[in-house]
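Presented below is the structure to which this report refers.
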Amino acid sequence: DVLALSHAIVHEVEQQHANTIACRIDTRFDLPEAVGDYDPKLLRHILGNLLSNAVKYSAGRGDVVFKIQREAAKTVFEVCDQGIGIPTADLPELFEPFHRGSNTGGASGFGLGLAIARRAIDAHGGAIHALNREGGGLLVEITLPLAADAPQKE
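By my numbering, the letter at position 99 of the sequence shown is numbered 389, and the numbering carries on one by one without gaps.
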């Protein structure tokens with residue numbers, strides 16, 4: 291149940307960050323109970339990492355919006371924040387191990403979360419993209435195939 295899992299992850303992230311910022315879930319349709327053949331532990335890691343980053347880099351700047359929708363044969367997850375964004379020069383390396391945006395300052399981290407998330411998304415046959423939002427912040431979009439289009443497990 292992707293929607294229930296998403297609500298649980300949002301709750302966990304808010305608790306980890308002492309409710310300093312709100313994460314709002316926006317669904318564009320009624321999600322069926324199982325929209326894909328996803329590994330729940332990997333999906334929890336992927337979404338938890340993206341939401342945690344969004345909250346960490348948005349502190350005091352506004353809420354995080356977490357959108358879930360279906361487009362054709364894919365589930366699309368979007369994490370939109372109003373944080374510091376990523377310098378344009380850093381975007382091509384964003385999902386590489388040990389790479390962090392040059393504007394992260396003293397924020398904790400090793401630059402592994404997004405690289406691990408990308409590999410988990412690749413394992414599901416999906417894709418991840420990030421772009422800076424006009425007016426500030428970052429939009430990260432994940433697309434994962436529905437079960438019929440998912441890679442076959444051996």
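C-beta atoms are modelled at their ideal positions from N, C-alpha and C, and glycine is treated no differently.
Sequence-distant Cβ neighbours of Leu341 in its own chain, meaning closer than 8 Å and more than five residues away, are Ile299, Val300, Val303, Cys313, Val354, Phe356, Val369. Pairing Leu381 with Ala420, the inter-Cα distance amounts to about 7 Å. Contact between Leu337 and Ser296 is confirmed by a C-beta separation of about 7 Å, below the 8 Å threshold. Leu384 carries a coil assignment under DSSP once its states are collapsed to helix, strand and coil. By a beta-carbon distance limit of 8 Å, Ala349 contacts Ile311. Their separation comes to about 6 Å. The DSSP-derived three-state label of Ala420 is strand. Cβ contact annotation for Ile418 (same chain, cutoff 6 Å, sequence separation greater than five): Arg408, Ile411, Ile432, in chain order. Counting along the chain, Gln306 sits inside the alpha helix (DSSP H) bounded by residues 292 to 306.
If you draw a straight line from the Cα of Gly395 to the Cα of Tyr347, it is about 10 Å long.
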